[in-house]
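Heads up: the sequence shown begins at 10 in the working numbering, then just goes up one per residue. Below: the structure, in structure tokens.
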Amino acid sequence: MINYKDLGLVNRREIFKQAMAGKYAIAAFNFNNMEQLQAIIAASVECKSPVILQVSGGARKYANQTLLRYMAQGAVEYAKELGLNIPVVLHLDHGDTFELCKSCIDMGFSSVMIDGSHHAYEDNIALTKQVVAYAHNLDVSVEGELGVLAGNVGATCAQYIAEKDIVNELVLLDIKEGVSEGKSLDLWQTAPVVFYDTRIKGVTNDYAATADSDVVVITSGLPRKPGMSRDDLISTNAGIVKAVTENIIKHSPKAILIIVSNPLDVMCYCAYLTAKVDSSRVFGMAGVLDTARYKSFLAEELNVSPKDIQALLMGGHGDTMVPLPRYTTIAGIPVTELVSKEKLDAIIERTKVGGGELVKLMGTSAWYAPGASAAQMVEAIIRNSKRVFPVCTMLNGEYGFKNIYLGVPVVLGKNGIERVIEVQLNKEERTLLDDSAKNVKSVMEVLDNMHIF
Ligand SMILES: NC(=O)c1ccc[n+]([C@@H]2O[C@H](COP(=O)([O-])OP(=O)(O)OC[C@H]3O[C@@H](n4cnc5c(N)ncnc54)[C@H](O)[C@@H]3O)[C@@H](O)[C@H]2O)c1
């Protein structure tokens, strides 16, 4: 058991107020080193009570601002590692500067509490205003609104997003009467159990309810049935994605659109042609999922944590996707040092048909990992965290391609695609990427021949 007294437990008035308001179960802590901090988080898990970590007080006796920042970041990262959505509060104190607040906001702190008792009143007000203005500018104020289309993938994505507690309101929309309403009510009734504030609303075809969404995840359309390829879905799904995108953009002209419907690469292109907005705001989820499948197979093979696998996968979302063993490491160790070529080739082949394996088992396509992957992209945008993910994006000369949607590594932030990262490819990898692009181009031609644009 952990002795809280040894850890220097402090209940500050402001934090207590929030606790009383029912926002958090309790508590604020001082801590003096990383070990104490980790013990506090572990204790909060044990108590099953949401905890506010207060980075302050005692720490200052020992820490300069650089060390404090390091500890604060440690708190955020460790909490994330444990899969916790812990609000981390920076309790400002003697001599804290705007720079420190700024770096904490950039790290993903959910709030910055400025303690009036340590600053001169005017300085305090000025600093508060500066910090708030910075946070609002970045749009990290967790004011985000989100539209999600609500089939299996959409509803699961909504669930993961709600659990992250990163947006104020989340709207589920479908054409099936009552389904979104029911699913959203069910999700909202989960809030008191799982602890989130996100308001969830369900509507049937009422796009006005999604008005002014910051991010919209489009999952509408048919999923695959056994024996079908993703490309077989184009004739039905192109019409659906076009109609949905038109309505979304009409009501949320500034929204960032994440496309999930298949055939993914060409549905992104379809949404882009319909939305007529900068391509940095229209892109697709595939690489995060395909990479997750690849990582999960590797973790199983090596009996290591999936958290320690870093990997990159490029190309179209289909059997021609391009996993890149040269850019795959296990905690920094090249995968080729730990897995034989034969086993690695088998894992790559399994990854390529990973979606099909699930369709065969369930009679329809997967939703847990796809929903979680889209939610992870939403989080990177809402938090402006500049995560590096493989994303299906419009290429304007990068990798030598133009006017094609293809999976490549990008930086994701509040503006959507902040930039495309171009990695060096060897001859073999280049050939695979070219083949994948050719395949996407051939499906794009099917879209062109539909003459809907
Ligand atoms: N990109 C990926 O990695 C990935 C992964 C999994 C699934 N998918 C694709 O995502 C799509 C959704 O899959 P799912 O399993 O959630 O299917 P689903 O059938 O459970 O959900 C699709 C929903 O779209 C709705 N819909 C159909 N037409 C609509 C319209 N005009 N307006 C609004 N809603 C409409 C349907 O009523 C249905 O509820 C499929 O195309 C599937 O192939 C992509």
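Just so it is clear, CB atoms sit at the ideal spot from N, CA and C, and this is done for glycine as well.
Practice task
Write down every uninterrupted run of the beta strand (DSSP E) in the stretch 249-298 whose length is 3 residues or greater and which is fully enclosed by it, in chain order.
Solution key: 265-268, 291-293
Problem - CB of residue 306 within 8 Å of CB of residue 402, strictly - result: no
Handout entry: Any non-hydrogen atom of ligand 1 closer than 7 Å to residue 283 Cβ
Key = no
Practice task
Inspect the beta-carbon positions of residue 266 and residue 227 and report whether they are closer than 8 Å.
Solution key: yes
Exercise for the section: Could you spell out the range, first to last residue, of the alpha helix (DSSP H) harbouring residue 194? Expected result: 188-197
Problem - Coarse secondary structure for residue 319, derived from DSSP in three states - result: Note: residue 319 maps to strand in three-state DSSP.
Exercise for the section: Take every Cβ of the stretch 349-357, pair it with every Cβ of the stretch 172-190, and state whether three or more of those distances are shorter than 8 Å. Expected result: no
Problem - Straight-line gap, residue 388 to residue 395 (C-alpha atoms, nearest Å) - result: 10 Å
Exercise for the section: Could you tell me if residue 95 is buried or exposed, where buried requires 16 or more neighbouring beta carbons within 10 angstroms of its beta carbon? Expected result: At residue 95 the pLDDT is 45, less than 50, meaning the model places this residue with poor confidence; the figure from the coordinates comes in the next sentence. So residue 95 ends up on the buried side.
Exercise for the section: Using only alpha-carbon positions, find the residue among 332, 287, 281, 288 that is nearest to residue 303. Expected result: 332
Exercise for the section: Using the Cα positions of residue 313 and residue 233, report the straight-line distance between them to the nearest angstrom. Expected result: 32 Å
Practice task
Report all residues from its chain with a CB closer than 8 Å to the CB of residue 366; omit the five preceding and five following residues, and keep chain order.
Solution key: 359
Practice task
Please report how far the alpha carbon of residue 309 lies from the alpha carbon of residue 276, in whole angstroms.
Solution key: 32 Å
Problem - Nearest-angstrom beta carbon gap, residue 407 and residue 467 [assumed within contact, 8 Å] - result: One cannot answer for residue 467 here, as it falls past the ends of the chain, which runs 10 to 462.
Handout entry: Segment limits, alpha helix (DSSP H) that includes residue 185
Key = Residue 185 -> no alpha helix (DSSP H), and no H or E assigned at all.
Problem - Close-in-space but distant-in-sequence residues of the same chain around residue 282 (CB under 6 Å, 5 per side omitted) - result: 462
Exercise for the section: Return the chain-ordered list of same chain residues with a C-beta closer than 6 Å to the C-beta of residue 445, the five sequence neighbours on each side being excluded. Expected result: Excluding the 5 residues flanking it on each side, residue 445 has same chain C-beta neighbours closer than 6 Å at 324, 325, 329, 331, in chain order.
Exercise for the section: Output the boundary residues of the alpha helix (DSSP H) element that contains residue 162. Expected result: 161-173
Handout entry: residue 420, DSSP secondary structure in three states
Key = strand
Handout entry: Nearest-angstrom Cα separation, counted from residue 222 out to residue 259
Key = Going by the C-alpha atoms only, they are around 11 Å apart.
Problem - 6 Å CB neighbourhood of residue 452 in its chain, flanking five on each side removed - result: 240, 272, 275
Problem - Integer-rounded CB distance, given that residue 376 should sit under 8 Å from residue 162 - result: 5 Å
Exercise for the section: Use the C-beta contact count for residue 370: other C-beta atoms within 10 angstroms, 16 or more gives buried, fewer gives exposed. Expected result: exposed
Practice task
Starting from the Cα of residue 440, find the closest Cα among 409, 398, 460, 348 and give me that residue.
Solution key: 409
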